[in-house]
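First to last, the sequence lines map onto chains A and B.
Residue 134 in the UniProt record's numbering sits at position 134 of the first sequence; the count goes up by one each step and never skips.
Residue 115 in the UniProt record's numbering sits at position 115 of the second sequence; the count goes up by one each step and never skips.
Virtual Cβ for every residue (Gly too), placed ideally from N, Cα, C.
Please read all numbers here as calculations on a predicted model, not as lab measurements.
In what follows, a single structure is set out as structure tokens and then discussed.
2 protein chains.
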Amino acid sequence: MGLSRGSQSQSVTERAVSVDMAVHPFADLSVSEIDQARRLIQSLHPNVLLSFKAITLEEPNKQHMLDYLEAEHGGAAKPNPPPRMAYCPYYLRGTTDLRTAWVNLTKGTVAKTEKLDPEFHGNVDFAEVVEVEQVVMQDPAVHAEIAKLELPDHLEVIPEPWGFGSDGVDDARRLYQIYMFVREKGKPDYNHYAHPLSFSPVFDPVLGRIIRIEQIPTGAGHETKDVEPFKMTPSNEYVPEEVTPRGDLKPLHVAQPEGPSFSISQDRVLRWQKWQMRLSFNYREGLVLRDVRYDGKPLFYRVSLSEMTVPYGDPRSPYHRKMAFDLGDVGAGMVANNLSLGCDCLGHIAYLDGLLCDREGTPVRKENAVCIHEQDGGIGWKHSNYRTERACVTRKRELVLQSILTVSNYEYILAFVFNQAAEFEYEVRATGILSTAAIDEGITVDYGTVVHPGVLAAHHQHILSLRIDPALGSYRQGNRLTYTEAHAMAMDSENPFGNGYRAISTPVKLAGGLDLDTSKSRTFAIQNVGMKNPINSLPASYKIQVPPVQPLLAHPDSFHYRRAEFADHSIYVTKYADDELFCGGKFTNQSRGGTGIKNWVSRGDNVLDEDIVVWVQFGLNHIPRIEDFPVMPCETVKVHLKPVNFFTRNPALDVPPSSQHANRSVLVSQDAANGCCGGKL
Amino acid sequence: MGLSRGSQSQSVTERAVSVDMAVHPFADLSVSEIDQARRLIQSLHPNVLLSFKAITLEEPNKQHMLDYLEAEHGGAAKPNPPPRMAYCPYYLRGTTDLRTAWVNLTKGTVAKTEKLDPEFHGNVDFAEVVEVEQVVMQDPAVHAEIAKLELPDHLEVIPEPWGFGSDGVDDARRLYQIYMFVREKGKPDYNHYAHPLSFSPVFDPVLGRIIRIEQIPTGAGHETKDVEPFKMTPSNEYVPEEVTPRGDLKPLHVAQPEGPSFSISQDRVLRWQKWQMRLSFNYREGLVLRDVRYDGKPLFYRVSLSEMTVPYGDPRSPYHRKMAFDLGDVGAGMVANNLSLGCDCLGHIAYLDGLLCDREGTPVRKENAVCIHEQDGGIGWKHSNYRTERACVTRKRELVLQSILTVSNYEYILAFVFNQAAEFEYEVRATGILSTAAIDEGITVDYGTVVHPGVLAAHHQHILSLRIDPALGSYRQGNRLTYTEAHAMAMDSENPFGNGYRAISTPVKLAGGLDLDTSKSRTFAIQNVGMKNPINSLPASYKIQVPPVQPLLAHPDSFHYRRAEFADHSIYVTKYADDELFCGGKFTNQSRGGTGIKNWVSRGDNVLDEDIVVWVQFGLNHIPRIEDFPVMPCETVKVHLKPVNFFTRNPALDVPPSSQHANRSVLVSQDAANGCCGGKL
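Below you can see the structure in the form of structure tokens.
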């Protein structure tokens, strides 16, 4: 992970909300609700300075909401909404005293408070990170190390605080690991990751000071040496002023003369091509989809990214602790980029802001945290009748809901992509800069790749977990998870020529973790067996197409393994329980495991035709290549959800035909492209 | 497969080629060359009517071409080109006498002829298919079966000839299996696949008549019954006039005000964003890429689709023989669609024609067989410096070279997609109509899915093979195939906390088939160990990211298994040998195996740093869902090739920044989308 101070937008108090009266239970907290929660919590601690980690909507009670949604969509009288509740983790500032408060905003009371046990630590605090950077650079011990570098005047040292991680060695208190780099003075956007240093201060934010400086090995093994005079290597910059651009790329615009095909209501109900869903945004998960419906039927109660972990494979200290939990340690909402028109997407773009809070509990608007636009996804379906030579073809329009996270060096581009065939995908593009370490000249290691002279990028995994809370066709009927495999038939009288094979489906009865088996085409599906297809009597289903990923490589006895509880199986299924949103645990900063999904599945719940939650793990095993530096080309991974026997035919059959009249493509003439369409035979 | 008469374009003789003098050795045959070859072959058989299966460029001698290409790109004097040679399989019409001739067009002589053994059969002949359809519908035995249907006046029967397949039972002679369907009269584009019949004539094209009519089971087992009066089921049409279109899709155009960024020379050299390659098109493989180079360096000598097989899993006769080899039995070039401006792509589109021949050996222009256009591929790379909040972002422009095949019921959209990071992908979208069979009401089977009342779509696999003949960085240095795996380190003094893992690479020494192992992140790469990266000394490589697919499910003793020689491993590597282009064998129609890749690897060739060929198998195991009918939403599968330590940094670093100035996106205002950007907090 590494940290980021992406939420340093201006605070907002001026835009009070005028719709409190009719607020939907799924609506994000408003400015006034955040203010109210902060005041109520502060009133518990007169004259004590607090550090708020978050003030966010507490998930409304699901049973209550199912009644509410059934009434909302069924036209019946709605039950009273559940009370508006805020969830607020906070520290008594400058102490290890971490608490959570649940504030009943409807009643104006603090409903409950909890003091956390000392092994739990809150997520990163950006204001604190700024302070850490400042204090580190003023520390005499750090100055002494820097002096050994004998830096020429035009170079300076840059600190980058990271979460400390866990290894069980004197790591109970909350700490920061500060990685150090060199950069040219006056060039704040030069790529310091090309110039890593081999010492690393450790900072205690309660003491407010560095507690030690760790020397980092720069050879293949664990030996360290004292800091030596710095030898500057060539730079490796990505900023455009330092790169000669290729000159032959011509512009490409997306024009939508009648505007977009989607609409978003004041209370953030998105409607597009028979899809309807309620959007929200929080500090931890970023974009959350609730009450996702298609053509008048419910599909999913709630869909969101639950966690991402990035364990590194360099065994040397302090890298053995290097493991980010980007949602739990930092927050996808906290580090969401302010997206820019024309830079991050093409076409007609709508943006959503998020509303977070700063350390003081003051509402902070996260501008343009989500962008929403349509894109052309190529051909949707096509058939040509060879007898008549008539072609029927449609294009696949897609709706993209995108956020981009900057977690120090790395970027993650996260998108829900919906299409007209009632399918959606969750797409992750990994980009940004590799986390780097200093390495001596001529050394090669098998746990990393040299990507620049003197620079090692260690192997690491990115394992994400997408949480899917289904409501297939009904808010009330239970769902099951089933996997289907293809098995060859025996070669016998039923299959005399040996070509036969069958699909065999197996329902999952107990909560637990499950694996893919590509040798059997094993595919998981969420099913509502109470909703049979009217044509073929098969249960209404959505299949999950998830690309296989190597499970967590860390040893089962390691802290990495204990912490990333979800990272050992492609699929988990649990029975729904309140307050089970985060498969790596609610508090991941220096966590030790035991509070996440393994804990929940250990209940042994029956998950057959129950209120289930499905957790889909996927990602990358990143063995760096030199082409990934200084900024890596996007590496893309996708999870698809597709209806299976849920409808009675191709749901995209009614997409209007693709035609030149609508699409206005341009024939490239021979003149236009130097003999293009050339070679007329 | 099924057959298609897609090549019934007009014959062309008028556009003679004027560039014969300077023709490149890789250029497709011209009209005059095809004419010349036909005349020379016909002169061997005075007064004999021939059926030409193809007249196409014989692959020029590779050793000769390597000299030629080195000189061509090195600025040295070119050696004399190899002679222009045509490869021509043909029948003495109306007989089983299949021959191939190699015509030396430079000398104007037939260089060699071969008479094939009787077990080899030529690819499908469209003119013959038309005749088969006509004769079948005039056959009294067929009329007798149709009479039993007691069809009302508004319905008629439609025949669909398929290759017969192989099962070893009286199948040595060439045959057609004719599947029969019902359609409304006067509605030639209605979907007859929704109304399959249960009898199937078998046609002998040498005898020119039906030799028997097979009854097809309509229950779960093998029992057949006599044809009964037809019960019409509801229709399931995809033509737009029978579908009420959704009304809320607004147009989306791609505008390229300065035109496309690519050029294509008269002799079909494509240049785009540092890529350069020579395009050609033939009846069997469709689009072929030769001499693919990036930024002045050779990468691949030749890349093309080698074969696709579609075995069906229904064990009942005659479906036990149902197995298409779409390239070998029919030809990707033969069934390529005439692509339409504005229907099959957006933006500025260039088209290439192909030049084939008909049964008479007359040149036939395949209009618009390949379309070439750019598309926006989303963000290419991005990094934001959290300290300065400066974002650097580029978009990923892609170049798409696309062909669409119609093989009776199915469509395949095949595309090479190049990008600016020196990567390319081979993308396959499967769409079109499922091949269907009649099934009795109330029956369910585990080898297929009911997709319409009375209609079964059997499970089937699509296994494709992409042939990659590399020339990484050099035409002359050998290449090797290596696979890299990630392995956890033991938890010991080298790895005391258990997080460490290493990448271990293993070179492949002998020709053979290899498998993926996703549990180890096993990834294959082509390497030139003679070309070390100047920064990290690692060998210049291209990795192959291929999604796993279940290998062929047919029994090892089955004919299916013998025929689809390539379909058991994700990767094959062979040592280059002339005339080894088609991994399922050169003649696949009713083939019995033994002439494809298994034969070549049995030589036990050393492939370490040799002239190697890599064969990448991928595809789909299609367990149909009702949503795949009547036309299936595209199911997409991709193979990626990406440089690994071939360059010294991200090759896309010099892509100009993405900016609103260039991209001209439009902010969706609250007014424009019914409160869009709504929910200002």
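| Query | Result |
| --- | --- |
| Cross-chain neighbours of V243 of chain B in chain A, by beta carbon under 7 Å | L653, D654 |
| Chain-ordered chain B contacts of N495 of chain A [CB-CB under 7 Å] | P315 |
| Contact residues within the region 362–388 of chain B, judged by C-beta distance below 9 Å to chain A | P363, R365, I372, H373, E374, Q375, D376, G377, G378, I379, G380, W381, K382, H383, S384, N385, Y386, R387, T388 |
| Any beta strand (DSSP E) of 3 or more consecutive residues that is wholly inside the region 389–445 of chain B | 390–407, 410–419, 424–432, 436–438 |
| Start and end residues, alpha helix (DSSP H) containing D35 of chain A | 31–44 |
| DSSP three-state assignment for A471 of chain A, whether helix, strand or coil | coil |
| Within chain A, partners of V103 of chain B - CB distance below 9 Å | The premise fails here: V103 of chain B is roughly 18 Å from chain A at the closest Cβ pair, so nothing lies under 9 Å. |
| Contacts that T648 of chain A makes with chain B (C-beta to C-beta distance below 8 Å) | I626 |
| From B:A144, B:Q545, B:H143, B:V644, residue whose alpha carbon lies closest to that of L472 of chain B | B:V644 |
| Cβ shell of D440 of chain A (< 8 Å), same chain only, five flanking positions each side left out | T218, G219, G454 |
| N663 of chain A, DSSP secondary structure in three states | helix |
| Same chain only: Cβ atoms within 8 Å of A662 of chain A, ignoring 5 sequence neighbours per side | P656 |
| Backbone CA spacing between G221 of chain B and R183 of chain B [nearest angstrom] | 27 Å |
| Own chain residues within Cβ distance below 7 Å of S198 of chain A, not counting five before or after | Q215, I216, T218, V227, A438 |
| Reference H555 of chain A; option with closest CA among B:V31, B:N495, B:R84 | B:N495 |
| Residues within the region 428–442 of chain A neighbouring chain B, beta-carbon criterion of under 8 Å | R429, T431, G432, I433 |
| Assigned secondary structure, G2 of chain A (DSSP; H/G/I helix, E/B strand, else coil) | Legend: pLDDT at G2 of chain A = 40, less than 50; position of this residue unreliable, value from coordinates given subsequently. Of the three classes helix, strand and coil, the one that applies to G2 of chain A here is coil, per DSSP. |
| Three-state secondary structure assigned by DSSP to L327 of chain B | helix |
| L270 of chain B - partner residues in DSSP beta bridges | B:I264, B:M277 |
| Cβ of T56 of chain B within 8 Å of any chain A Cβ | no |
| Alpha-carbon spacing of K78 of chain B relative to L49 of chain B, whole angstroms | 42 Å |
| Neighbour list for K250 of chain B in chain A, Cβ cutoff strictly below 7 Å | Q256, E258, G259, P260, S261 |
| Ordered list of alpha helix (DSSP H) runs contained in the region 542–593 of chain A, each at least 4 residues | 559–563 |
| Chain B within 8 Å of P82 of chain A, Cβ atoms only | no |
| R5 of chain A versus R395 of chain B: straight-line alpha-carbon distance, rounded | Per-residue confidence for R5 of chain A stands at a pLDDT of 43, beneath the threshold of 50, marking its modelled position as unreliable; no derived number is given. |
| Within chain B, partners of C357 of chain A - CB distance below 9 Å | Ordered by position in chain B, no residue passes the 9 Å Cβ test against C357 of chain A, which lies about 12 Å from the chain. |
| Min CB distance R284 of chain B to chain A below 8 Å | no |
| Buried versus exposed call for S541 of chain B [16 or more other C-beta atoms within 10 Å across all chains shown] | buried |
| Inter-stretch contact at 8 Å, needing at least 3 Cβ pairs: the region 23–35 of chain A / the region 54–67 of chain A | yes |
| Whether Y301 of chain B touches P539 of chain B by CB criterion (8 Å) | no |
| Whole-angstrom distance between R476 of chain B and T484 of chain A, CA atom to CA atom | 48 Å |
| Within-8 Å CB hit, L346 of chain B to chain A | yes |
| Three CB pairs or more closer than 8 Å across the region 411–421 of chain A and the region 152–164 of chain A | no |
| Proximal residues to L352 of chain B (C-beta, below 6 Å), its chain only, five neighbours per side dropped | V370 |
| Helix, strand or coil at F618 of chain A according to DSSP, with G and I counted as helix | strand |
| Three-state class that DSSP yields for E242 of chain A in the structure shown | helix |
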